[in-house]
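Residue 1 is where the sequence shown starts when you use the working numbering, and the numbers rise one by one after that.
What follows is a set of notes on a single structure, which appears directly below.
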Amino acid sequence: MPPMSFHGIVTKAGFMNKTATVTVSRWVIHKLTGKRIERSKKYLIHDEHNKLREDDLVVIRNCPPVSRMKRFTLETILKSPETDRDLARAHKAQETRSPAQNP
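Rendered as structure tokens:
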């Protein structure tokens with residue numbers, strides 16, 4: 001199988017050990033009407049360190065079969081709402097501390 005990589009959104013994580021579900025969407029042109037339609041497919045991916053959470057934006061790559069349904073592995077996490085939220089909270093905490101320290 002040629003190397004394939006897809007960008008997708010994690011739709012389910014934390015229910016199975018080392019496994020997450022990623023939904024990959026693509027746009028196709030309808031043959032009759034010519035309109036653009038969004039098509040999506042779900043892939044079970046192998047997440048060795050269980051670091052994925054729902055709504056993460058990830059890149060997945062095909063690999064040799066890990067199990068009967070898992071044919072893809074996690075390559076990179078592009079964006080994670082949890083880390084963005086944590087960074088925003090840390091930044092806000094930093095702002096609230098700085099006026100109190102400077103009288």
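The beta-carbon is built from N, C-alpha and C at its ideal position, and this holds for glycine as well.
query: Are the beta-carbon atoms belonging to glycine 8 and tyrosine 43 less than 9 Å from one another?
result: Counted from its first residue, the sequence shown places residue 8 at position 8. Counted from its first residue, the sequence shown places residue 43 at position 43. Result yes, Cβ atoms of glycine 8 and tyrosine 43 sit closer than 9 Å.
query: With which residues is methionine 4 paired in a DSSP beta bridge?
result: Within the sequence shown, residue 4 is the residue found at index 4, counting from 1. According to DSSP, residue pairing for methionine 4 in a beta bridge does not occur.
query: Can at least three beta-carbon pairs, one atom from the segment 29-40 and one from the segment 52-65, be found at a separation below 8 Å?
result: The answer is no - the segment 52-65 does not touch the segment 29-40, with fewer than three Cβ pairs under 8 Å.
message: To the nearest angstrom, how far is the alpha carbon of glutamine 94 from that of alanine 88?
response: Within the sequence shown, the letter at position 94 stands for residue 94. Within the sequence shown, the letter at position 88 stands for residue 88. In a straight line, the C-alpha of glutamine 94 is about 10 Å away from that of alanine 88.
message: For glutamate 82, which residues in the same chain have their Cβ closer than 7 Å to its Cβ, ignoring the five residues on either side in sequence?
response: Taking the sequence shown and counting its residues from 1, one reaches residue 82 at position 82. Within the same chain, Arg53 come within 7 Å of glutamate 82 by CB-CB distance, once the 5 residues on both sides are set aside.
query: Ends of the beta strand (DSSP E) at glutamate 75?
result: Taking the sequence shown and counting its residues from 1, one reaches residue 75 at position 75. 72-79 is the extent of the beta strand (DSSP E) around glutamate 75.
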